[in-house]
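Enquirer: Have a look at this one before I ask anything.
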Amino acid sequence: MEHTDQEFEDLQDLNTLYRSAILDTTEAVGWGIEILTKVVAAINAGTAGSLSPDDQYQAKQTLLYLKGRKDDNAMFRKPGDPVPRTFQQYEYP
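As structure tokens, then:
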């Protein structure tokens, strides 16, 4: 099977798009891990409501970004793909 130069270029463009999305998502997951680590530490210390204003801001911004990435990632879904699971569905299948 032969491919045209345009097909290869289109695949390269798609590869670049996927790679960028993966890098962005990986960064946001890192933010999520960072702020959740702070939240868990506060819970373990019995001071769950004591996050600093900076940490509260980080939590809100990270949540907004992750929600946006979730919506952006939906464009890559194809008919027949399973619906993303909730935490409860993941934890208790």
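Heads up, the sequence shown is in the numbering used here, so the first residue is 241 and it goes up one at a time. No residue lacks a Cβ here, since even glycine has one placed at the ideal position from N, Cα and C.
1) Is it right to say T302 is buried, meaning 16 or more other beta carbons lie within 10 angstroms of its own, or is it exposed?
2) Under a three-way DSSP split, which group does K318 fall into?
3) Taking contact to mean at least 3 C-beta pairs separated by less than 8 Å, is the region 307 to 327 in contact with the region 270 to 284?
4) Compare the beta carbon distance of Q298 and I275 with 9 Å and say whether it is the shorter of the two.
5) Spatial neighbours of R259 within its chain, please: C-beta separation below 7 Å, excluding the five flanking residues on both sides.
6) In three-state DSSP terms, what is R325?
7) Tell me whether V269, by its Cβ, gets closer than 8 Å to a heavy atom of the ligand FMN.
Expert: In this structure, then:
1) Here residue 302 refers to the residue found at position 62 of the sequence shown. Answer is buried; the Cβ neighbour count reaches 16.
2) The residue labelled residue 318 in the question sits at position 78 within the sequence shown. Coil at K318, not helix or strand.
3) The region 307 to 327 is not in contact with the region 270 to 284.
4) Within the sequence shown, numbered from 1, the residue matching residue 298 stands at position 58. Within the sequence shown, numbered from 1, the residue matching residue 275 stands at position 35. The Cβ atoms of Q298 and I275 sit closer than 9 Å to each other.
5) On the sequence shown, residue 259 is found 19 positions in, with the first residue counted as 1. Only residues of its own chain outside the window of five on either side were considered, and among them none has a CB closer than 7 Å to the CB of R259.
6) For the purposes of this step, residue 325 is taken as residue 85 along the sequence shown, with counting starting at 1. Of the three classes helix, strand and coil, the one that applies to R325 here is coil, per DSSP.
7) For the structure depicted, the ligand FMN is absent and the ligand set is empty, with no information on it obtainable.
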